[in-house]
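S.K.:
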Amino acid sequence: MTGPDHLLGLILVGFSISLFVGITENRATSFALRVVSGKQEGQIFLLDQNRFTLGYGSQNDFILKGYAEVCDLHANILKKGKEVIIENADEGGEVLVNYRLVDQQSMKKGDVIKIGTALLQYYEI
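Just so we're aligned: 7 in the numbering used here is position 22 of the sequence shown, and the numbers increase by one with no gaps anywhere.
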C-alpha cells in the first residue's frame, strides 16, 4: 500500500500511540502523603485536589491530631500540573522537607515532610 492511504494509516497509528502514552502518563500521576510516625502512622492523605491544608484545626483537609508543635493551620499543599508544592502557612510553625527548613518547596518522590513532630512521606501512586 502506497500513497495517501498509507500516509493516513501511519498518521492514525501515530495518533493512537500518542493518545495511549498521554492517558498512561496522566493515570500514573497521583500523589499522596503517608504519615510515618506517631498516632496516625500509616494514614494516607490522597492529594486529589489542587489545594490542601494541614494542621490540627478541624477546618483543615488533613488534620494532624496528637502531635506537638503543629499549628491550627500549619501548611498548604498546592498542586500545579505534575508539580506539588508545600508551603508554610504559619510563621510560628516550621515546615521541614528532608529535615531542611523551608517556606515553600516543590516535593519529589520519597521526600520526608516534618510538620511539628509529625513525619510524613510524599510519594506518587
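Glycine is no exception: its CB is placed at the ideal position from the N, C-alpha and C atoms.
Residues in the same chain with beta-carbon distance under 6 Å from GLU72, minus the five sequence neighbours each way, listed in chain order, please.
M.R.: The answer, listed in chain order, is ASN61, GLN89.
S.K.: What do you get for GLY40, buried or exposed, if any count of 16 or more other CB atoms within 10 angstroms of its CB means buried?
M.R.: Buried, since its Cβ has 16 or more Cβ neighbours within 10 Å.
S.K.: Are the CB atoms of ARG36 and TYR108 within a distance shorter than 8 Å?
M.R.: The answer is no: Cβ separation not under 8 Å.
S.K.: Mapping DSSP to helix, strand and coil, what is ILE110?
M.R.: If DSSP states are grouped into helix, strand and coil, ILE110 belongs with coil.
S.K.: Measure the C-alpha to C-alpha separation of GLY77 and ILE110 and round it to an integer number of angstroms.
M.R.: Those two C-alpha atoms are separated by around 32 Å.
S.K.: Could you say which of GLY101, ILE29, LYS50, ILE(-4) lies nearest to LEU120 if we only look at CA atoms?
M.R.: Any answer about residue 120 is impossible in this case: the structure gives the chain only from -14 up to 110.
S.K.: Would you kindly check if the distance between the Cβ of LEU32 and the Cβ of LYS65 is under 8 Å?
M.R.: Cβ distance not < 8 Å, so LYS65 and LEU32 don't count as in contact.
S.K.: Which partner residues does THR102 have in the DSSP bridge list?
M.R.: BP columns for THR102 are empty, so no partner.
S.K.: Closer than 6 Å by C-beta to ILE(-4): which residues in its own chain qualify, once you throw out the five before and the five after it? Chain order, please.
M.R.: Excluding residues within five positions, none has a Cβ falling inside 6 Å.
S.K.: Might you give, ordered along the chain, the residues of its own chain that have their beta carbon closer than 8 Å to the beta carbon of GLN34, omitting 5 neighbours on each side?
M.R.: Once the five neighbours on either side are set aside, the close Cβ partners of GLN34 are ASP46, LYS64.
S.K.: Whose C-alpha, out of HIS59, GLY51, LEU86, GLU79, is nearest the C-alpha of GLU26?
M.R.: Of the candidates HIS59, GLY51, LEU86, GLU79, the one whose C-alpha sits nearest the C-alpha of GLU26 is GLY51.
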